[in-house]
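Residue numbers (our numbering), protein chains in the order written: chain A, 41 to 261; chain B, 41 to 261. Glycine included, each C-beta is placed from N, C-alpha and C at the ideal position. In what follows, a structure is listed as structure tokens, so that the remarks can point back to it.
Number of protein chains: 2
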Amino acid sequence: MGFGTLKPPKTTAEQIADALRAAILHGTLQSGQPLRQDEIAREFDVSKIPVREALSRLEVEGLVEIRHNRGAVVTHLSFREVDEIYAIRIALETLVIKRAIPAQMPADLHQAQLILGEIDVENNLERWAELNWKFHSALYRPSGMNILLKTVEGLHTNVARFLQLSQLGDLGYLAKSQDEHYQLLELCRRKDVDGACVLLQKHLSGPVSYLADLMPITDWT
Amino acid sequence: MGFGTLKPPKTTAEQIADALRAAILHGTLQSGQPLRQDEIAREFDVSKIPVREALSRLEVEGLVEIRHNRGAVVTHLSFREVDEIYAIRIALETLVIKRAIPAQMPADLHQAQLILGEIDVENNLERWAELNWKFHSALYRPSGMNILLKTVEGLHTNVARFLQLSQLGDLGYLAKSQDEHYQLLELCRRKDVDGACVLLQKHLSGPVSYLADLMPITDWT
DNA sequence: TTGACCCAAATCGTATACACTTATACAATA
DNA sequence: TATTGTATAAGTGTATACGATTTGGGTCAA
Numbered sequence: 041m042g043f044g045t046l047k048p049p050k051t052t053a054e055q056i057a058d059a060l061r062a063a064i065l066h067g068t069l070q071s072g073q074p075l076r077q078d079e080i081a082r083e084f085d086v087s088k089i090p091v092r093e094a095l096s097r098l099e100v101e102g103l104v105e106i107r108h109n110r111g112a113v114v115t116h117l118s119f120r121e122v123d124e125i126y127a128i129r130i131a132l133e134t135l136v137i138k139r140a141i142p143a144q145m146p147a148d149l150h151q152a153q154l155i156l157g158e159i160d161v162e163n164n165l166e167r168w169a170e171l172n173w174k175f176h177s178a179l180y181r182p183s184g185m186n187i188l189l190k191t192v193e194g195l196h197t198n199v200a201r202f203l204q205l206s207q208l209g210d211l212g213y214l215a216k217s218q219d220e221h222y223q224l225l226e227l228c229r230r231k232d233v234d235g236a237c238v239l240l241q242k243h244l245s246g247p248v249s250y251l252a253d254l255m256p257i258t259d260w261t
Numbered sequence: 041m042g043f044g045t046l047k048p049p050k051t052t053a054e055q056i057a058d059a060l061r062a063a064i065l066h067g068t069l070q071s072g073q074p075l076r077q078d079e080i081a082r083e084f085d086v087s088k089i090p091v092r093e094a095l096s097r098l099e100v101e102g103l104v105e106i107r108h109n110r111g112a113v114v115t116h117l118s119f120r121e122v123d124e125i126y127a128i129r130i131a132l133e134t135l136v137i138k139r140a141i142p143a144q145m146p147a148d149l150h151q152a153q154l155i156l157g158e159i160d161v162e163n164n165l166e167r168w169a170e171l172n173w174k175f176h177s178a179l180y181r182p183s184g185m186n187i188l189l190k191t192v193e194g195l196h197t198n199v200a201r202f203l204q205l206s207q208l209g210d211l212g213y214l215a216k217s218q219d220e221h222y223q224l225l226e227l228c229r230r231k232d233v234d235g236a237c238v239l240l241q242k243h244l245s246g247p248v249s250y251l252a253d254l255m256p257i258t259d260w261t
């Protein structure tokens, strides 16, 4: 055969989770905003049940905090936590790239290059974050470390809203980041594991140092 | 000041999740076993709603797989995945210990030592796994990296059932592990960051190499 | 004024009921 | 006999309904 696997139609809960996640990442729903179950249910014209399941999912993704009998709130990520997430990502992504590079086939690298082409012409910041992860995961996937990939993806979406919020896009960060992407791809082509690790570390240290510089100005509580 | 935070009474869903998790870790519920909602609901004399939420939580913990409209199944962890989890743990736990050691106060180390004392006299394997994590997290917590701690805890519970399953306890592994615990504590006392990292790496490589040796014998699919 | 107490509205958590999907057994057909 | 079609049962997903908990006043006594 050789058909692709057909995707199951999404459950209502998943759709709601997707919509809420997008709203949180986009900034429509801001930190601290309470999320009332029946309100959301009315909004989407469904019952509370799938809404509760959606919130439950978002909770484990770290986007929402559920307090027993007191409702859900959009989580607030402090600078400390953003810093922590990037530290974790450095540890995990250097690990995964080490195992991925020896397994990367020309087709994998080609696909990654195509994604870079898409990023080049993209100027919507949300869509950019999506493509960014698509590129990274394309390089990582050959490692076969699926649990690790899932974990990193979660961290990725979690910091995405801060790139959004901090207007990092205006600071020339995107161009610099994309430049590093091309370098990373080149290092993968050369099977230069150590070089790739060093670059990744730099790549993932960028945002926090940018933000750290802005700390006094921005009210990063 | 100095009170602990008081825990909210657990929701039904959480209690069910706890019960199911325990059953999975203990081996009562084995890999591949389907988990029917209404059956579980009858079992605990509740409705399906909290059961569904419990299963949903266990899914993100990686203990259960939910297939759309086809029910939940206890996940099956392959040797590859156990290996992967330990690789992730090495990356994360060496990171966290690096940041924890400088922040560890005498009280933290003392508490860790007390836990080791408990482990010494414990011979129930499930309880042992619990205490094991209690020890590790006591050393890690001063790092202040709460997201990381949550992540590692998840990985920890996920491999716990394999220690159970593989009867690693009978192989002198527990004694060796406990020996390394004492060494790790000592290194923390001396603020020997590099030494602690090396030891942790060794500590977390133990189980997989043990299992790898058994591979031909055991049916590790 | 302050604090204890109580009540009502808002909101959450769960049980019951039902629609819809998937799996199974069996009959129909070639 | 092997394959296809159909009825039935099992099981999941969601809506509705209701009891339980929290919250925000408002009253009253100290």
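Close CB contacts of A/Lys174 within its chain, under the 6 Å cut and outside five residues either way in sequence, are with Ile155 (chain order). Going by beta carbons, A/Ala178 and A/Asp148 fall inside the 8 Å limit.
Nearest in C-alpha terms to B/Pro247, of all of B/Gln207, B/Asp58 and B/Gln151, is B/Gln207. Three or more beta-carbon pairs separated by less than 8 Å are not found between the segment 235-247 of chain A and the segment 60-77 of chain B, which leaves the two stretches without contact.
Neighbours of B/Leu188 in chain A, taken as residues at a C-beta separation under 7 Å, are given in chain order as Glu124 and Ile128. Taking B/Met185 as the centre and dropping the five residues before and after it, the same chain places the C-beta of Val136 and Arg139 closer than 7 Å to its C-beta, in chain order. For B/Ala200, same chain residues with a beta-carbon under 7 Å away, outside a window of 5 residues either side, are Leu65 and Ala169 in chain order. Around the beta carbon of B/Asn198, a 10 Å sphere encloses 16 or more other beta carbons of the protein chains shown; the residue is thus reported as buried. Closer than 8 Å to the CB of B/Leu132 there is at least one CB belonging to chain A. If you check the CB distance, A/Gly111 and A/Leu75 come in under 8 Å.
Among the residues facing chain B, A/Arg92 is included, as its CB has a counterpart in that chain under 8 Å away.
In the three-state DSSP reduction, A/Val161 falls in the coil class, being neither helix nor strand. In the DSSP annotation of this structure, the continuous segment of the alpha helix (DSSP H) that includes A/Ala127 starts and ends at Phe119 to Ala140.
Using a Cβ-Cβ cut-off of 8 Å, B/Arg181 does not count as an interface residue toward chain A, since no Cβ of chain A sits closer than that to its own. Contact with chain B is absent for A/Val238, since none of that chain's Cβ atoms lies less than 8 Å from the residue's Cβ.
Shown here, A/Gly212 sits in coil according to DSSP, grouped into three states, outside any helix or strand. For B/Ala81, the uninterrupted alpha helix (DSSP H) run begins and ends at Gln77 to Phe84, by DSSP. Residue burial is scored here from C-beta neighbours: A/His221 has at least 16 other C-beta atoms within 10 angstroms and is therefore classed as buried. When the beta-carbon positions are compared, A/Arg129 and A/Leu103 stay at least 8 Å from each other. Interface flag for A/Val100 against chain B is set, since a Cβ pair is found closer than 8 Å. Residues of the segment 188-207 of chain A with a Cβ closer than 7 Å to any Cβ of chain B, in chain order: Leu188 and Thr191. For A/Gln77 against A/Arg92, the beta-carbon gap comes to about 6 Å, under 8 Å, which counts as contact. Counting of Cβ neighbours within 10 angstroms places A/Pro90 among the buried residues, the total reaching 16 or more.
Contact with chain A is found for B/Glu121, since one of that chain's Cβ atoms lies less than 8 Å from the residue's Cβ.
Going by DSSP, A/Ala62 is part of no beta strand (DSSP E) but of the alpha helix (DSSP H) stretching over Thr52 to His66. Close to chain A, meaning a Cβ-Cβ distance shorter than 9 Å, is no residue of the segment 140-152 of chain B at all. With its beta carbon at least 8 Å from every one in chain A, B/Ser245 lies outside the interface. Annotated three-state conformation of A/Gly235 is helix, per DSSP. As DSSP reads the structure, A/Ile187 sits in no beta bridge.
Note: B/Pro74 is bridge-paired with B/Val113 in the DSSP secondary-structure output. Note that the C-beta distance between B/Val113 and B/Glu101 is not below 8 Å.
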